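Undergrad:
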Amino acid sequence: MTATAPQFAELDLATTPACLRIRGDWTLPHYAALEQALLGLRGRVDAQTSIDLDGVHRLDTAGAALLVDLLGADRLRDLAHEAASWPPARRALLDTVASALREYRRQPRPKPPPAWSQLLEQVGVTVANLYDQTLQLLGFIGLTLETLARCLWHPRRWRMTSLVAHVEQIGLDAVPIVVLLSFLVGAVVAFLGATVLADFGASIYTVDLVAISFLREFGVLLTAILLAGRTASAFTAQIGSMKSREEIDAIRTLGLDPMELLVLPRVLALLISLPLLSFLAMLAGIVGGAMVCIFALDITPAMFLSMLHTDTEVRHFLVGMSKAPVFAFLIAVIGCLEGFRVSGSAQSVGAHTTSSVVQSIFVVILVDAVAALFFMELGW
Amino acid sequence: MSAPTEAGAAPAVVIEVRDLVNRFGTQTVHDNLDLDVHQGEILGVVGGSGSGKSVLLRSIIGLLRPTAGSVRVFGENLLALPAEQRSQIERRFGVLFQSGALFSSLTVAENVALPLIEHGGLDREAATHMAGVKLALAGLPRDAADKPPSALSGGMIKRAALARALALDPEILFLDEPTAGLDPISAAAFDQLLLTLRNALGLTVFLVTHDLDTLYTVCDRVAVISQKKVLVAGSLEVVAATDDAWVQAYFHGPRGRAAEHAAQRLAERT
Numbered sequence: 003m004t005a006t007a008p009q010f011a012e013l014d015l016a017t018t019p020a021c022l023r024i025r026g027d028w029t030l031p032h033y034a035a036l037e038q039a040l041l042g043l044r045g046r047v048d049a050q051t052s053i054d055l056d057g058v059h060r061l062d063t064a065g066a067a068l069l070v071d072l073l074g075a076d077r078l079r080d081l082a083h084e085a086a087s088w089p090p091a092r093r094a095l096l097d098t099v100a101s102a103l104r105e106y107r108r109q110p111r112p113k114p115p116p117a118w119s120q121l122l123e124q125v126g127v128t129v130a131n132l133y134d135q136t137l138q139l140l141g142f143i144g145l146t147l148e149t150l151a152r153c154l155w156h157p158r159r160w161r162m163t164s165l166v167a168h169v170e171q172i173g174l175d176a177v178p179i180v181v182l183l184s185f186l187v188g189a190v191v192a193f194l195g196a197t198v199l200a201d202f203g204a205s206i207y208t209v210d211l212v213a214i215s216f217l218r219e220f221g222v223l224l225t226a227i228l229l230a231g232r233t234a235s236a237f238t239a240q241i242g243s244m245k246s247r248e249e250i251d252a253i254r255t256l257g258l259d260p261m262e263l264l265v266l267p268r269v270l271a272l273l274i275s276l277p278l279l280s281f282l283a284m285l286a287g288i289v290g291g292a293m294v295c296i297f298a299l300d301i302t303p304a305m306f307l308s309m310l311h312t313d314t315e316v317r318h319f320l321v322g323m324s325k326a327p328v329f330a331f332l333i334a335v336i337g338c339l340e341g342f343r344v345s346g347s348a349q350s351v352g353a354h355t356t357s358s359v360v361q362s363i364f365v366v367i368l369v370d371a372v373a374a375l376f377f378m379e380l381g382w
Numbered sequence: 647m648s649a650p651t652e653a654g655a656a657p658a659v660v661i662e663v664r665d666l667v668n669r670f671g672t673q674t675v676h677d678n679l680d681l682d683v684h685q686g687e688i689l690g691v692v693g694g695s696g697s698g699k700s701v702l703l704r705s706i707i708g709l710l711r712p713t714a715g716s717v718r719v720f721g722e723n724l725l726a727l728p729a730e731q732r733s734q735i736e737r738r739f740g741v742l743f744q745s746g747a748l749f750s751s752l753t754v755a756e757n758v759a760l761p762l763i764e765h766g767g768l769d770r771e772a773a774t775h776m777a778g779v780k781l782a783l784a785g786l787p788r789d790a791a792d793k794p795p796s797a798l799s800g801g802m803i804k805r806a807a808l809a810r811a812l813a814l815d816p817e818i819l820f821l822d823e824p825t826a827g828l829d830p831i832s833a834a835a836f837d838q839l840l841l842t843l844r845n846a847l848g849l850t851v852f853l854v855t856h857d858l859d860t861l862y863t864v865c866d867r868v869a870v871i872s873q874k875k876v877l878v879a880g881s882l883e884v885v886a887a888t889d890d891a892w893v894q895a896y897f898h899g900p901r902g903r904a905a906e907h908a909a910q911r912l913a914e915r916t
């Protein structure tokens, strides 16, 4: 009388007590088949059953673990000690696996909470995070302003080298991309305007459209969005990797202030760079529009310039430029704050970099929308 | 602890490095380096900082293409094999990197289960079950299994990485400074764990280390890398007796003597 899967294990009920003969390759490649074989035997093997392991050809940790599942860790450990005919290496393997699993399974297994409670927890955590994040951002803005006020009266504490280096990185190095992008968007706006305005026979007002839209909105908005992607991410990655390598802690223990050393130069550099880049973007956008007007709409350069001169008031330019420092400050502060929020791992640096770009673009567009309403109400 | 190298018949050579040259730009790291690793032994590789221990390890496991020379593992040159066969051989390695190199986006148990699912052909449930066995073997507590690697201490990361290296029951285990950064108690426990596993699983272990205690307690043979070559390879007594300034300073300096005494005391007690 024999039981299932004679290839790996056979329960011989003819003898008393019953004898379980284990044979073949008890290794990882046969794991699925072995599991099947054990399924048929579970519950039919008890403490009385004698175990015959002589037929085992090869054995690895996977096989040993399955034997532990079948016989129990204590039983197998005893077997490993008793089976004198076995090679010592195999007995050591069984003993090691059985002992390790006995210890491991004695510890309670932590149970995951049910799905609905996880969902509630997620919602709660997200709301709490949003609240914390807003509070932290406001706190960080205050801290930055305070540090700025403190350092302003002590010229010796101005970090000029750092400031100039950042202006180069943020401002100068970004000129080509900002100018090119604004030029192209300027051309697109001009084409769009020309197409729509042609129906009213008012193609000439394309000049006004391009000039006013770039002076008021697009120049500064495009630059701010570009720098949010380019600079906020760089700030977060720089400060974040310093944080994860404990460099920030080192700065503190040297009695220095990371706000003064790291944040102020970055904020000031962006405050200087973003308005200048915005000005370039406005020029480039208008030039892009002018190119379309000259080459596609037969408006002469002289005509373009005179339209620009008579129709465009300086207040549009002032409205646009007034937003630049606000955007610069917000982008820099968000970039730096996210850097400080990095914890430990490289994954955290990536997560916070993404978060800083998303947040700063969101804030820039939000503030721009509010500002548009504000200026419209005032009639500027 | 049995030292298979002491047996009369020469044991099989599983790793054979011949005339290895590694050069980065103008800097030569290895110059005609030869090394054999025998089946079932624990070989400790030592050398000063920057002497090219880790570079040697990377050349052997095929992560680095040597400038010249041949590296044969199980008699095969890894870099010359087609991808499928190379992967077959790589499954017979387990590698423990210096900082663990656990995948940070997976939990500890998933880290160990990954090779079991990808190469072992197990379904997720069985792989998770087997991952628990490996974690138990590596001596991790049960509640560590569902944590992300970032929540583990340095010693636990080393153990989890060892569990992943052992996932497919490898024949050769490569360890890059496994006890660096561990406290002495954890380091000693790791040494014992290594010995137990080697004896139980019949592993061949290639161990790069700076830790003198590890050398004295677990290694069957020691290879010293110096002056771009393997200066000497053999049992500890042979190596320690070598007439070379660096080797003498290494093994007979204050730390070397302390480790030797500690190993002797340990041997007397057991």
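Heads up: the protein sequence lines correspond to chains A and B, in order.
Just so we're aligned, residue 3 is where the first sequence starts under our numbering, counting upward by one.
Just so we're aligned, residue 647 is where the second sequence starts under our numbering, counting upward by one.
Quick reminder that beta carbons are idealized off the backbone N, C-alpha and C, glycines included.
In this text, all values refer to a predicted model and were calculated from it rather than measured experimentally.
Going by CA-CA distance only, name the one from ARG738/B, ALA759/B, GLY778/B, PRO712/B that's closest to VAL99/A.
TA: It is GLY778/B.
Undergrad: Relative to the C-alpha of ALA353/A, which candidate in VAL365/A, SER362/A, GLU340/A has its C-alpha closest?
TA: Nearest of VAL365/A, SER362/A, GLU340/A to ALA353/A, Cα basis: GLU340/A.
Undergrad: For the stretch 829-853 of chain B, enumerate the residues whose C-beta is nearer than 9 Å to any C-beta of chain A, in chain order.
TA: Within the stretch 829-853 of chain B, the qualifying residues are THR842, LEU843, ASN845, ALA846, LEU847, GLY848.
Undergrad: Would you kindly work out how many angstroms separate the C-alpha atoms of ASP769/B and LEU68/A, rounded to a whole number?
TA: Near 15 Å, if we compare the C-alpha coordinates of LEU68/A and ASP769/B.
Undergrad: Against chain A, which members of the stretch 783-800 of chain B pass a CB distance test of less than 9 Å?
TA: So the list reads LEU783, ALA784, GLY785, LEU786, PRO787, ARG788, ASP789, ALA791, ASP792, PRO794, PRO795, SER796, given in the order they occur along the chain.
Undergrad: Check each candidate in VAL190/A, LEU223/A, PHE377/A, THR63/A and name the one with the smallest Cα separation from ALA773/B.
TA: Ranking VAL190/A, LEU223/A, PHE377/A, THR63/A by Cα distance to ALA773/B puts THR63/A first.
Undergrad: Give a yes or no on whether the C-beta atoms belonging to HIS318/A and LEU217/A are separated by under 9 Å.
TA: The answer is yes: Cβ separation under 9 Å.
Undergrad: With three or more beta-carbon pairs closer than 8 Å as the criterion, would you say the stretch 133-148 of chain A touches the stretch 815-824 of chain B?
TA: Output reads no: the stretch 815-824 of chain B does not touch the stretch 133-148 of chain A.
Undergrad: Is it true that the CB of LEU912/B sits closer than 9 Å to the CB of TRP892/B?
TA: Cβ atoms of TRP892/B and LEU912/B: not closer than 9 Å.
Undergrad: Tell me which residues share the same chain as GLY57/A and place their Cβ nearer than 8 Å to its Cβ, disregarding the 5 neighbours each side in the sequence.
TA: The answer, listed in chain order, is ARG23, ILE24, ARG25, GLY26.
Undergrad: Which class does GLN744/B belong to by DSSP, given the choice of helix, strand or coil?
TA: Here GLN744/B sits in coil by DSSP.
Undergrad: When you compare the CB positions of ALA11/A and ALA34/A, do they come within less than 9 Å of one another, or not?
TA: Result no, Cβ atoms of ALA11/A and ALA34/A do not sit closer than 9 Å.
Undergrad: Give the residues from the stretch 855-870 of chain B that approach chain A closer than 9 Å (Cβ to any Cβ), ordered along the chain.
TA: Taking 9 Å as the Cβ-Cβ cut-off against chain A, none of the residues of the stretch 855-870 of chain B qualify.
Undergrad: Hey, ALA330/A and LEU282/A are a contact pair by Cβ (cut 8 Å); roughly how many whole angstroms apart?
TA: Contact doesn't hold; Cβ gap of about 14 Å is too wide.
Undergrad: Shortest alpha-carbon distance to ARG111/A belongs to which of ASP789/B, PHE743/B, LEU748/B, GLN744/B?
TA: If we check each option's Cα against that of ARG111/A, ASP789/B comes out closest.
Undergrad: So with CB distances below 8 Å, who are the chain A contacts of LEU814/B?
TA: Here the neighbours are LEU30.
Undergrad: So the alpha helix (DSSP H) LEU760/B belongs to, where does it begin and stop?
TA: Its alpha helix (DSSP H) spans residues 754-764.
Undergrad: Nearer than 8 Å: is that true of the beta carbon of GLY322/A relative to any heavy atom of the ligand SAH?
TA: The model on display carries no ligand, and the ligand SAH is accordingly not part of it.
Undergrad: Mind listing, in chain order, the continuous alpha helix (DSSP H) runs of no fewer than 4 residues lying wholly within the stretch 19-101 of chain A?
TA: List check, alpha helix (DSSP H) in window: 33-43, 63-73, 75-84.
Undergrad: Comparing the C-beta of VAL70/A with each C-beta of chain C, is any distance below 9 Å?
TA: Of the protein chains in the structure, A and B, none is chain C.
Undergrad: Skipping 5 residues on each side, what residues in its chain have a beta carbon closer than 7 Å to that of LEU211/A?
TA: Contacts found: VAL191, GLY195.
Undergrad: Could you list the residues in the stretch 97-126 of chain A with a C-beta less than 8 Å from some C-beta on chain B, going in chain order?
TA: Within the stretch 97-126 of chain A, the residues whose Cβ lies closer than 8 Å to some Cβ of chain B are ASP97, THR98, VAL99, ALA102, LEU103, GLU105, TYR106, ARG107, GLN109, PRO110, ARG111, PRO112, PRO114, listed in chain order.
Undergrad: Give the residues of chain A in contact with MET776/B, contact being defined as C-beta atoms less than 7 Å apart.
TA: The answer, in chain order, is ALA64, ALA67.
Undergrad: To which residues of the same chain is GLN138/A closer than 8 Å at the C-beta, ignoring the five residues directly before and after it?
TA: Same-chain partners within the cutoff: LEU339, ARG343.
Undergrad: Go to VAL876/B, then tell me how far its beta strand (DSSP E) extends in each direction, as first and last residue.
TA: Its beta strand (DSSP E) spans residues 875-880.
Undergrad: So within the stretch 851-916 of chain B, which uninterrupted beta strand (DSSP E) runs reach at least 3 residues, ignoring any that extend past its ends?
TA: Correct list: 867-872, 875-880.
Undergrad: Which chain B residues are close to GLU37/A, counting only those with a beta carbon under 7 Å from its beta carbon?
TA: Correct list: ALA772.
Undergrad: Please classify PRO761/B as buried or exposed, where buried requires at least 16 other C-beta atoms within 10 Å of its C-beta.
TA: Buried: at least 16 other Cβ atoms inside 10 Å.
Undergrad: Please report the distance separating the alpha-carbon of SER347/A from that of ALA239/A.
TA: Each residue's alpha carbon lies about 12 Å from the other.
Undergrad: From VAL667/B to ASN678/B, what does the alpha carbon distance come to, in whole angstroms?
TA: Taking the straight line joining both Cα atoms gives about 5 Å.
Undergrad: Please list, in chain order, the residues of the stretch 738-761 of chain B that have any C-beta partner in chain A closer than 8 Å.
TA: Listed in sequence order: SER750, SER751.
Undergrad: Please confirm whether LEU821/B has its beta-carbon closer than 9 Å to some beta-carbon of chain A.
TA: Judged by the 9 Å Cβ criterion, LEU821/B is not in contact with chain A.
Undergrad: Using a Cβ-Cβ cutoff of less than 8 Å, which residues in the same chain neighbour VAL169/A once the five nearest sequence positions on both sides are dropped?
TA: Only ALA271, ILE274, SER275 meet the Cβ criterion.
Undergrad: Suppose the cutoff is 6 Å on Cβ atoms and the five residues either side in sequence are ignored; what does the same chain contact list for THR233/A look like?
TA: ILE172, listed in sequence order.
Undergrad: Once you ignore the five residues that flank GLN361/A on each side, which residues in its own chain have a CB closer than 6 Å to its CB?
TA: Hits under 6 Å: ILE336.
Undergrad: Rounded to whole angstroms, how far is the Cβ of VAL701/B from the Cβ of HIS676/B, which I believe are closer than 8 Å?
TA: About 7 Å; that satisfies the 8 Å criterion.
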